[in-house]
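Going line by line, the protein sequences match chains U and W.
Quick note on numbering that gives the first Met the number 0: the first sequence kicks off at 0 and runs consecutively.
Quick note on numbering that gives the first Met the number 0: the second sequence kicks off at 0 and runs consecutively.
We treat Cβ as the ideally placed atom computed from N, Cα and C, and that holds for glycine.
Nothing here was measured: the structure is a model prediction, and the numbers come from that model.
2 protein chains.
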Amino acid sequence: MKGHQVTIKDIAKILHISPSTVSRALKDHPDINPQTKKNVQELAKKLHYKPNQIALNLLQKESKLIGVIVPEIIHYFFSTIISGIEKIANESGYHIIIAQSNESYHKEVENIQALLSSNIDGFIITMAKTTLTFDHYKNVEEIGVPMVFVDRACDKVNADKVLVDDFDGAYKATKHLIENGCENIVHLAGPQNLDIGLQRKEGFLAALNDSNISINDYSIQICDTHDHALKLIPKLLSKYNNIDGIFAVNDLTAIGAMKAVKSVNKKIPEEIAIVGFTNSYISYIADPELTTIDQKGYEMGQHAARMILKRIQSVDNYGPVTTILNTDLIIRKSSLKIKIE
Amino acid sequence: MKGHQVTIKDIAKILHISPSTVSRALKDHPDINPQTKKNVQELAKKLHYKPNQIALNLLQKESKLIGVIVPEIIHYFFSTIISGIEKIANESGYHIIIAQSNESYHKEVENIQALLSSNIDGFIITMAKTTLTFDHYKNVEEIGVPMVFVDRACDKVNADKVLVDDFDGAYKATKHLIENGCENIVHLAGPQNLDIGLQRKEGFLAALNDSNISINDYSIQICDTHDHALKLIPKLLSKYNNIDGIFAVNDLTAIGAMKAVKSVNKKIPEEIAIVGFTNSYISYIADPELTTIDQKGYEMGQHAARMILKRIQSVDNYGPVTTILNTDLIIRKSSLKIKIE
DNA sequence: CATACCATTTCAAACGTTTGCGAAAAGAGT
DNA sequence: ACTCTTTTCGCAAACGTTTGAAATGGTATG
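Shown next, in the form of structure tokens:
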């Protein structure tokens, strides 16, 4: 049961002046008599007057709301993106509405429609894995609501993008394994229809090539979940017992592999070195701690927020901008065959 | 650069009829001529007309927005709460605005003020650890915006609450350790000024008492972070080498303890059994997998959302409701001294 | 032929705020 | 006493939508 919020009209009525005078008095307009100003401001404070944001939104045709659609917030990476967005948005007086697609195309469409009618000022989106058609993005584009893609982008749409250099990250990870003495590395790869999966694989291959390491038919395994790695790795190791390094497409898979390696009594990193990708919380929790590639979720979120704010506040329609962030190699115990002093 | 959104006025102008007729035609009002209806509805579809939510908000004095304030979304537990809230809210046409307090009292106050002026219809809040004064909650109460506390509640304010039975959870965890043969259990406890810390400790003590197990001066250690456990446990074990069980106030601490135990070459669970609290993702990732208490974040979120919706939609001012959810013991390898067939 | 009645449509107010413009009042200058 | 200026304030429109009440035009009833 909502109590009546104090409005400008209320103040006007009490003071026997007009709403416009109150409005001007509150913002220190020079046209207003100092005494009137004082009266208004004091009463406003006393009654805890707060401007009604909705009325302002209607007038100014903006909601100071940014819609954020991510697959699942429970994933560390996405929640760091969100944190980054929130920080920058808040600094400019914006708030974020969060919706999850749960990797479902339909939920994504639904969310976009719903947020659109909430009159958000812009979208920040990470595509769902199952999104294969893009009419809903096109629709947003037509309506003229700005949109920024983060991490997973749709290249059929004119929109800003914030990506991470997956190729380079994978290259660095693989190079690191090689420098630590690995000569027979397996890559647990993601789905090859996603850019992420593809780029990381390419980076892996490039690093091997540059070091003149030959590629075997088992060097690349499509395997990107914890449980799959748990099953796959023991088989693989029993078949090819010279494997001495694993580069996984994400941390969770790397940790599955880690468990599997331990289960067949091979030592990490002495016998098999492991590197993941993302630098999520679990990489630090793992035992031994997991070497990984920092995907910079927080920075990505901040960047995306700045981009959307720029779009929202800009008058002219400059072309789409793509930012590619660098990754960092985070070296921990799981890959250190050679001790660093 | 935002393109002009199609409004009812646009449609009215094109069809040479009044906005009110358009409005009624769109909602199938019986007063409107079927032919007019058809014209309007077809044009509306053609122009992709979408009602302006802001205008409706202003008229109906509601925003269909629920403000959610949590300490940090990167924590698995909070993100599951959010997911639960989102699901129920969406089902009723509501959206959630998320703000993080980062466990800071000031950020919490700031967030509440900001969301309040965004005219949200209600709050769902998990108190920050550093929140010790409650005027900002009182303010919300006075204004008449409904509020539900989740997990960490403020008892100085008349508001609904969704809590978890911490005492019972801790009791079950401890009992489980005892049933598995532990006779010398250490509890890594949370801060005792928070109800969570207190209740879990009490549950622990009650379980020991009920089993006639004596309590030592080192049975309770204030230690609730991964890193602290990492440092504390080795010292403790070298001093009291008969310790055979650890019950930690949260999963992260449990895993810190786990690492520490392994580092002094004690076997888990054979020599030392470990149980955590929360059932976060990492408990499943840990090696060995961690036995823990499921804190039911998703259910809590759902419950909180239902409560706030009920408040928002209710006309009369019924007294504050508190719901206490049961926890589940999730048994995994880290505690199983006795094998279950 | 006036009245009643119906279907259909429009008017106007409302939600809370901002803002260009005009108006009233008071003082200054001639 | 007249105009001119300045100070201070109110009117009205606008944002997009809903909705009770009034208006319109037409037909049927007395």
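With a threshold of 16 other CB atoms inside 10 Å of the CB of residue i, please say whether the residue is buried or exposed.
i         : result
LYS26(W)  : exposed
TYR280(U) : buried
TYR239(U) : exposed
GLU141(W) : exposed
GLU41(W)  : exposed
LYS63(U)  : buried
GLY121(U) : buried
ASN32(U)  : exposed
VAL354(U) : Because chain U is modelled from 0 through 340, residue 354(U) falls outside the range shown and cannot be assessed.
ILE323(U) : exposed
SER100(U) : buried
LYS266(W) : exposed
GLU182(U) : exposed
GLY202(U) : buried
VAL320(W) : exposed
ASP223(W) : buried
HIS175(U) : buried
GLU178(U) : exposed
PRO29(U)  : exposed
VAL144(U) : buried
VAL263(W) : exposed
GLY275(U) : buried
VAL147(W) : buried
Just to confirm my understanding: we take residue i, look at its own chain, exclude 5 residues before and 5 after, and list those with CB closer than 7 angstroms. What are they?
i         : result
LEU204(W) : ILE214
ILE219(W) : HIS186, ALA188, LYS200
GLU340(U) : Confidence at GLU340(U) is low in this model, with a pLDDT of 48, below 50, so its placement is unreliable and no value can be given for it.
LYS258(W) : LEU229
ARG305(W) : ILE87
Return the chain-ordered list of same chain residues with a C-beta closer than 6 angstroms to the C-beta of residue i, the five sequence neighbours on each side being excluded.
i         : result
GLU288(W) : ARG331, LYS332
LYS1(W)   : In this prediction, LYS1(W) scores a pLDDT of 48, lower than 50, which makes its location untrustworthy; the coordinate-derived value is nonetheless stated afterwards. Cβ neighbours of LYS1(W) beyond the five flanking positions: none.
LYS171(W) : LEU328
SER78(U)  : ILE72
ILE97(W)  : VAL67
Any beta-carbon of chain U closer than 7 angstroms to the one on residue i?
i         : result
LEU57(W)  : yes
HIS175(W) : no
HIS94(W)  : yes
LYS238(W) : no
ILE53(W)  : yes
LYS258(W) : yes
ILE119(W) : no
ILE124(W) : no
ILE254(W) : yes
ILE281(W) : yes
MET0(W)   : Note that MET0(W) scores 41 on pLDDT, short of 50, meaning its location in the model is unreliable; the coordinates nonetheless yield the value given after this. With 7 angstroms as the cut-off, MET0(W) counts as an interface residue toward chain U.
Examine chain W for any beta-carbon lying closer than 7 angstroms to the beta-carbon of residue i, and answer yes or no.
i         : result
GLN312(U) : no
ASP116(U) : Residue 116(U) is actually Ser in this sequence, not Asp. Taking Cβ atoms only, chain W reaches closer than 7 angstroms to SER116(U), which makes this a yes.
ILE273(U) : no
ASP352(U) : This structure gives no information on residue 352(U), because the portion of chain U shown stretches from 0 to 340.
ILE97(U)  : yes
ILE329(U) : no
SER334(U) : no
So, at 8 angstroms on beta carbons, what are the nonlocal neighbours of residue i in its own chain, with the 5 sequence-adjacent residues on each side left out?
i         : result
ILE80(W)  : VAL69, THR125, VAL149, ASP150, GLY296, TYR297, MET299, GLY300, ALA303
PHE133(W) : CYS153, LYS155, VAL156
GLY92(W)  : LYS63
ILE195(W) : ASP150, ARG151, ASP165, GLY189, VAL248
Near-chain U residues of the stretch 30 to 48 of chain W - C-beta to any C-beta below 8 angstroms | HIS47
Proximal residues, the stretch 67 to 86 of chain U versus chain W, C-beta separation under 8 angstroms: GLU71, ILE72, ILE73, TYR75, SER78, THR79, ILE81, SER82, GLU85
Taking contact to mean 3 or more Cβ pairs, one atom from each stretch, closer than 8 angstroms, check whether the stretch 222 to 235 of chain U and the stretch 295 to 304 of chain U are in contact. no
**Asked** Do the stretch 54 to 63 of chain W and the stretch 73 to 93 of chain U make contact, defined as three or more Cβ pairs closer than 8 angstroms?
**Response** no
task: Please name the residues in the stretch 152 to 168 of chain U whose beta-carbon is closer than 7 angstroms to at least one beta-carbon of chain W, in chain order.
output: none
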